[in-house]
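The structure under discussion appears below in the form of C-alpha cells.
In C-alpha cells, the structure reads:
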C-alpha cells in the first residue's frame, strides 16, 4: 500500500473525527480507510488511532506522528504540483492559523470568501492563542499579533493593534478614579497573560516607559474569559482593542488610561518561503492581504 495514501487517510481521520467521516471525504469505504491506517500502524510499529464506537482520535504516538504527516503531505503536494506544471491552479488543503478571537471574527470570513472563489481548495482553520510552528505542524499561513523573532518565514505587515485597559461602569463607580497607572496597584485586576507580565503591567508616559506592580485577582489564558470577568465587575483587565469592540459599543466596558497605552502591536501575515511555490498559498496571500489590511480594527 502507498505510504502517502495511508498518511492522507490517517490525517483525514483525525481531522474529521472518525473513520466514516474520513471515508466520505476521501470517497472511499470505511474498510479501505481502516486498512490504510492499519498499514501505517504496522509500518511505524505503534497504534496511531484510538477506535471507539463514536469517534476515532489519535493516540499519544499518533499525535506525535500527525505533525510529521502533515509536513510530508504538504511538501509532497507542492512538489507534485510544481513538477506537473500546475502552479497556476490553486488546489489541495490550505491550512491557516490565527489567534482565537481575531481568527474567528476576521480571518474566517476571509478564508470562506477565498474558498468560494476556489472550489478545488479545501480550507483548514486552526484558531489557537499560542504560537504554532508552521513547518512542524504543516501550516501554510498564519496571522500573528506581536513582535516577530528573526526567522526564515516571509512576513507581510497588515496593521497594528492597540493594547488597552478596561473595566465595567459598575466597577468604576464602586472604586476610586483611575487617573494614573500607579492607581492600579491598589485595585483588583484580571490578568490575561498574552498582554502583560503578571508581576507588572507596562505603560508609556511622557518620561518614558514604566511598569506598575499588580496583584491579579484572577489570571486566565484566554481573552474572552478576562473580558467576561471584567464585564461582571470583577476588576480591570488589559486586552487587545479588537477583542472588546462589541463591549465598548454597547457600554458594558469603558476604556481606561488611553494616554498611557504602550505602543501598539504589529499584525503580520506570515508563511514559509517554501510554501509560496504552491498556487493555493500564493493565491491566498494575494487575496487575503488587502482584505485583512482593510479591517476596521487597527490602531
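In UniProt numbering, the protein residues as written are 1 to 299.
Glycine included, C-beta positions come from ideal geometry on N, C-alpha and C.
Per DSSP, cross-strand counterpart(s) of residue i
i	result
residue 243	Answer is none; residue 243 lacks a bridge partner.
residue 154	271
residue 95	124
residue 160	266
residue 166	237, 255
residue 296	For residue 296, which the question treats as bridged, DSSP gives no partner whatsoever.
Within 9 Å, strictly: CB atoms of residue i and residue j
i	j	result
residue 3	residue 43	yes
residue 214	residue 164	no
residue 284	residue 114	yes
residue 73	residue 138	yes
residue 241	residue 161	yes
residue 154	residue 270	yes
residue 157	residue 267	yes
residue 218	residue 200	no
residue 117	residue 280	no
residue 260	residue 177	no
residue 290	residue 140	no
residue 47	residue 36	no
residue 192	residue 245	no
residue 146	residue 265	yes
residue 297	residue 102	yes
residue 292	residue 123	no
residue 129	residue 99	yes
Neighbour-count burial assignment, residue i, 16 or more Cβ in a 10 Å radius
i	result
residue 144	buried
residue 229	buried
residue 251	exposed
residue 70	buried
residue 168	buried
residue 223	buried
residue 131	exposed
residue 111	buried
residue 126	exposed
residue 27	exposed
residue 41	buried
residue 8	buried
residue 170	exposed
residue 209	exposed
residue 79	exposed
residue 92	buried
residue 205	exposed
residue 90	buried
Terminal residues of the beta strand (DSSP E) in which residue i lies
i	result
residue 141	141-145
residue 218	216-220
For residue i, the first and last residue of its enclosing alpha helix (DSSP H)
i	result
residue 207	Premise fails: residue 207 is in no alpha helix (DSSP H) and is neither H nor E.
residue 293	279-293
residue 227	223-231
residue 110	108-117
residue 256	From DSSP, residue 256 is part of no alpha helix (DSSP H) but of the beta strand (DSSP E) over 254-256.
residue 192	Careful: residue 192 lies outside any alpha helix (DSSP H), inside the beta strand (DSSP E) at 189-192.
**Q.** Length at least 3, wholly inside the UniProt domain "HTH lysR-type" (1-59): the beta strand (DSSP E) runs in chain order
**A.** Segments of the beta strand (DSSP E) lying fully in the UniProt domain "HTH lysR-type" (1-59): 49-51, 56-58.
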